[in-house]
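Below: one structure, written as structure tokens.
Numbering (the numbering used here), first residue to last: 328 to 405.
Right under this line is the structure:
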């Protein structure tokens with residue numbers, strides 16, 4: 328990648344929030360499995376567990392991660 332930072336718009340704000348490639352990798356992994364254990368997430372994105380947890384908390388504090396909840400469709404309920 329030429330630039331490791333990508334703007335993520337903030338509800339119409341003029342100043343976008345910036346995330347780097349590592350943040351995007353964390354978000355992609357959490358998008359697949361929001362309940363993944365931090366040590367597993369850290370291994371998947373190539374970080375120490377403490378660094379990974381700090382990044383997840385920073386993403387939450389910045390409003391990029393607003394909630395971790397299951398998503399399903401009614402057809403999945405049987």
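Note that CB positions come from ideal geometry on N, CA and C, so glycine has one too.
Bear in mind the structure is a predicted one, so any value in this text is a computation, not a measurement.
Notebook entry, point to check: Measuring CB to CB, does residue 372 end up less than 8 Å from residue 353?
Noted result: Going by C-beta atoms, residue 372 is nearer than 8 Å to residue 353.
Checklist line | Enclosing alpha helix (DSSP H) for residue 350 [first to last residue] | finding: According to the DSSP assignment, residue 350 belongs to the alpha helix (DSSP H) that extends over 348–359.
Check: Would you report the Cα separation of residue 384 and residue 356, rounded to the nearest angstrom?
Finding: Computed Cα separation, rounded: 15 Å.
Margin query: For residue 396, count the other beta carbons within 10 Å of its own beta carbon; 16 or more makes it buried, fewer makes it exposed. Which is it?
Written below: By the beta-carbon neighbour count (other beta carbons within 10 angstroms, threshold 16), residue 396 is exposed.
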